[in-house]
Amino acid sequence: MSLPDIIKARKLAELRAVATAMIEDRMHLVEGTRKINRLRFEIDEPGHEVFNAIIAFEDDTEEFPIGELRAEYEPNHLKRLDDKMNKLIDDYKPDILAVCQEILRTFPKGEE
19 MSLPDIIKAR KLAELRAVAT AMIEDRMHLV EGTRKINRLR FEIDEPGHEV
69 FNAIIAFEDD TEEFPIGELR AEYEPNHLKR LDDKMNKLID DYKPDILAVC
119 QEILRTFPKG EE
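With this note's numbering applied, the sequence shown corresponds to residues 19 to 130, in that order.
As structure tokens, then:
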């Protein structure tokens, strides 16, 4: 296996791990979709239709801080953003989790 193939296999494994973590509620949906959106380029599948809902969700949630960046925000502003983000998550969650299942079917283990 060539080095590019090894790298792609690792990125596919990471993609599956992120999708699984989101399904199992071990990863925040915004964090997970941002990772999946990055990984679709790293596995050389940026235009694959399975990612369409992920792209739309990330576009709608790009203004929301996650992780350490949250400490930079004023608490009242952060609460307003969180309320808005949680509403979007509630609206999108079934579709995003269905996409995660589809990612696991589209890119099964051993297909590297």
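Ideal Cβ placement from N, Cα and C applies to all residues, glycine included.
Given the structure is predicted, the values throughout are model-derived calculations rather than measurements.
Buried/exposed call for residue i, threshold 16 Cβ in 10 Å
i: methionine 19; result: exposed
i: leucine 47; result: buried
i: isoleucine 54; result: buried
i: arginine 52; result: buried
i: isoleucine 72; result: buried
Residue-chain proximity (residue i, chain B), Cβ-Cβ < 8 Å
i: aspartate 108; result: The structure shown contains no chain B; it holds only a single protein chain.
Residue i (DSSP reduced to helix, strand or coil)
i: proline 126; result: coil
Top-ranked residue by Cα proximity to residue i, from the options
i: lysine 111; options: Gly50, Lys26 and Leu57; result: Gly50
i: asparagine 70; options: Asp113, Arg123 and Asp23; result: Asp113
i: phenylalanine 59; options: Glu32, Leu87 and Glu90; result: Glu32
i: valine 36; options: Ile25, Arg56 and Pro22; result: Arg56
Go through the stretch 23-110 residue by residue and report every complete run of the alpha helix (DSSP H) that reaches 4 residues or more, in order. As far as the stretch 23-110 is concerned, its whole alpha helix (DSSP H) runs of at least 4 residues are 47-60 and 70-79.
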